[in-house]
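The sequence shown begins at 5 in the working numbering and counts up one residue at a time.
Each residue gets a CB set at the ideal place from its N, CA and C atoms; glycine is no exception.
Computed from a predicted structure; not experimentally measured.
Structure record follows, encoded as structure tokens.
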Amino acid sequence: MKKILTLVLISFTVMLLASCASQLTVREKEMKKYDKIDASLVEGMPDAITKVVKAYNREDYFTAAVGFHEILNNSEWDRLHDTAKYYYAESLFRMGLYQASEFQLSGILFEGQESHYYVSSLLKLLAVSYKTENEETITGVLENAEYDKLPKKFANELTYYIGKINFYNGQDDKALEMFQKVKDYSSFYPKAKYFIGVIQVRQQKFGEAMATFEEIKKMPDDKYIGTDIKKLKGMTELALGELYYAAAWKAENKVAMFNVALNYFSNVGRDNAQWFESLFARTWASLMIARFDSTLGTVVTLRSPFFTDIYFPEVNVVEAVTYYNLCQYDEVNNVIDYFFSVYPDFQKRMANWLENVSTKTGIDIYKELLIMYKKAQAGENTELPEAVLRTVLTENLFMRKYNHIKEIERELDIIEKAPDSFKESKVADEVSKALKGKLIGLRDKAGVWLVQRVQNLNNELVQLIIDMRSIRLEMKDSIKSAYEKEELFGKEVKEEEEVVQKKAEMNPSVPQNSYYYPFDGEYWEDELGYYFFNVDNLCKE
């Protein structure tokens, strides 16, 4: 469970990397001043310069980019180079060549905060990061920036960003300092508060974390324009559940604490991205307090057709342990038999694939897995199971890499479809070479990451196989002990107890304002998460 909860926290924070462009109206208004260039500023200058300005003003950014590039490479116009460099980056951005624009902007920014275009370049680079959902360059810039010299007008956005950088670098105290500076009227405030809560959990300040998360829960859904407060509240419910779950292990009133955790996990709605994680967390929380009806009910949800595409062998362990605690040994055997009918083959296929790709490059592996996934979706036999392929290729960390790759491919396509005057220019040649070089590196890194992820899944599955074998051995010991007691106390006692057990059925605990309906084998989406499994406890005192 500890491993699962760690993954959940990571997935929370990854989600907060998503684009915030819709809420940055102050920055966008500031950048409007670059929509046009005052033509009077270039009156009397050579025709080559005035033509570039006219092209930019009529939104012919292909021509403008080529023109600004020529100005930059003309030593006689060196006094125009700073302005040309910035508008060259603007032109590339407005053409949709965000990566190329990013390179030019970072060059301006690394010249130092005294540059005339430093603030404009910083804001534009933020816009690039929101478009591409890639933060590497803006992170590098802000890590080297002097905080006190950053523009106060955009302090909340930049402070929040610097806080995230410190957070992901493991510098929790610095991150906390930054997040606490974000003002409560800012649209970045709710997410800053969430990060504060996560840091407080890391620092084991559970009381403070509780207060922070409760503050988020009380925020009006419509107060912060552009911020999905409902989604943030769902994340907070799961975080609060984790807090109580972790605290329950050391508490005297364990049952009460696990019950509170279970309630928080149950509050995460099915429209939230963390709903699946919350369901699995619920199985463990209910198992800890012997709420087997709830545990197995959640397992029913996880086994429904709505989750058939998810690789999730751990659910078999939970189910087997639950039946074991109920002394339902036939059911334990059924679960273990099913597990061993599926997952040893998965593990063998992963191990064989890992051995076969040990000498391949990351680029080859990246391409191979994408092709393999398409074949699997088409119903063809593949080296790796489709469920494993889907798991690694849809994880947030990989999707960020994949989206970055697709962004570069999109920009190369823009160049390929551009007017000949641009496509045959030095600008297109330089940008294409830079993008292709970056594309090779990104595909290679993505492939290396995929191998490591499959290796991790393989190692985890090996451990789960060992765990399931241990459960079966423990069950055999329990059965042997039961037989020995039967011989000692007599068969009549056993039969009498069985009659009593059959009469003492476990009644499902139905939440308030809810009704109990028998399950008829047909799944309905609005029932998911509300199943309770009526099962006998065959254990003897």
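Item                                                                                                                                                                         : Value
Taking Cβ to Cβ, would you say Y216 is nearer than 8 Å to G201?                                                                                                              : Sequence inspection shows Thr at residue 216; the Tyr mentioned does not correspond to that position. Cβ atoms of T216 and G201: closer than 8 Å.
Quick test of your reading: Y164 and K195, contact by CB under 8 Å. State the CB separation rounded to the nearest angstrom.                                                 : 7 Å
Between the C-alpha atoms of Q351 and V30, what's the straight-line distance to the nearest angstrom?                                                                        : 52 Å
Go ahead and pull the three-state DSSP assignment for S15.                                                                                                                   : Only weak support exists for where S15 lies, its pLDDT of 37 falling under 50; the coordinates are left without a value.
Take K410 as the anchor and find which of T136, D368, N170, N356 has the nearest alpha-carbon.                                                                               : T136
Give the DSSP-derived three-state secondary structure of R274 in the structure shown.                                                                                        : coil
Is any beta-carbon of chain C found at less than 8 Å from that of N271?                                                                                                      : Looking for chain C here will not work: only one protein chain is present.
On the three-state DSSP scale, how would you describe A382?                                                                                                                  : coil
If you follow the alpha helix (DSSP H) that T546 is in, where does it begin and where does it stop?                                                                          : Nothing can be reported for residue 546, as the shown portion of the chain is limited to 5 through 545.
Check the C-beta distance from A93 over to S105 and give it rounded, since I have them as a contact under 8 Å.                                                               : 5 Å
Within the chosen definition, does the segment 430-438 reach the segment 367-386 through at least 3 CB pairs nearer than 8 Å?                                                : no
Kindly indicate which residue of P423, A438, Y370 has the alpha-carbon position closest to the one of K449.                                                                  : Y370
Between the segment 220-230 and the segment 165-183, do three or more beta carbon pairs fall short of 8 Å?                                                                   : no
Please state whether the Cβ-Cβ distance between V330 and V466 is less than 8 Å.                                                                                              : The residue asked about is misnamed: residue 330 is Leu in this sequence, not Val. Not closer than 8 Å, so no.
Rounded to a whole number of angstroms, what is the C-alpha to C-alpha distance between V549 and M49?                                                                        : What the structure shows of the chain is the stretch from 5 to 545, and residue 549 is not part of that stretch, so it cannot be assessed.
Just how far apart, CA to CA, sit Y249 and S95?                                                                                                                              : 53 Å
With DSSP as the reference, label N541 as helix, strand or coil.                                                                                                             : coil
Let me know the secondary structure DSSP gives E509 once reduced to three states.                                                                                            : Note that E509 scores a pLDDT of 44, beneath 50, so its modelled location is shaky and nothing firm can be said.
Rounded to whole angstroms, what is the Cα-Cα separation between Q459 and E428?                                                                                              : 45 Å
Give the secondary structure of Y189 by DSSP, where H, G and I count as helix, E and B as strand, and everything else as coil.                                               : coil
Please classify Q103 as buried or exposed, where buried requires at least 16 other C-beta atoms within 10 Å of its C-beta.                                                   : buried
Ends of the alpha helix (DSSP H) at W279?                                                                                                                                    : 279-292
Provide the residue span of the alpha helix (DSSP H) that contains E115, from first to last.                                                                                 : Here E115 belongs to no alpha helix (DSSP H), and DSSP marks it neither H nor E.
Are Y347 and V336 close, meaning C-beta to C-beta below 8 Å?                                                                                                                 : no
For the alpha helix (DSSP H) containing V304, name the first residue and the last one.                                                                                       : 296-306
Take K153 and list the residues in its own chain whose beta-carbon comes closer than 7 Å to its own, dropping the five residues that flank it on each side.                  : Q117
Count the other C-beta atoms from every protein chain shown that fall within 10 angstroms of the C-beta of M261, then say buried if there are 16 or more, exposed otherwise. : buried
In this structure, how does DSSP classify W453 when only helix, strand and coil are distinguished?                                                                           : helix
Should the segment 435-444 be called in touch with the segment 306-322, which here means at least 3 C-beta pairs below 8 Å?                                                  : no
Could you work out which residue in A252, V205, G100, D226 is closest to T240 when comparing CA atoms only?                                                                  : V205
Taking just the CA atoms, how far does S190 sit from Q27?                                                                                                                    : Low confidence applies to Q27: its pLDDT is 45, below 50, so where it sits in the model is not reliable enough to give any reading.
Out of P389, N170, E80, K235, state which residue places its alpha-carbon closest to the alpha-carbon of W357.                                                               : P389
Taking D341 as the reference, give the member of L416, I469, A43 with the closest Cα.                                                                                        : I469
Evaluate F114 with the Cβ neighbour count: other Cβ atoms within 10 Å of its Cβ, from every protein chain shown; 16 or more gives buried, anything less gives exposed.       : exposed
Do K187 and N160 have their CB atoms nearer than 8 Å?                                                                                                                        : yes
Need the endpoints of the alpha helix (DSSP H) that I229 sits in, please.                                                                                                    : Here I229 belongs to no alpha helix (DSSP H), and DSSP marks it neither H nor E.
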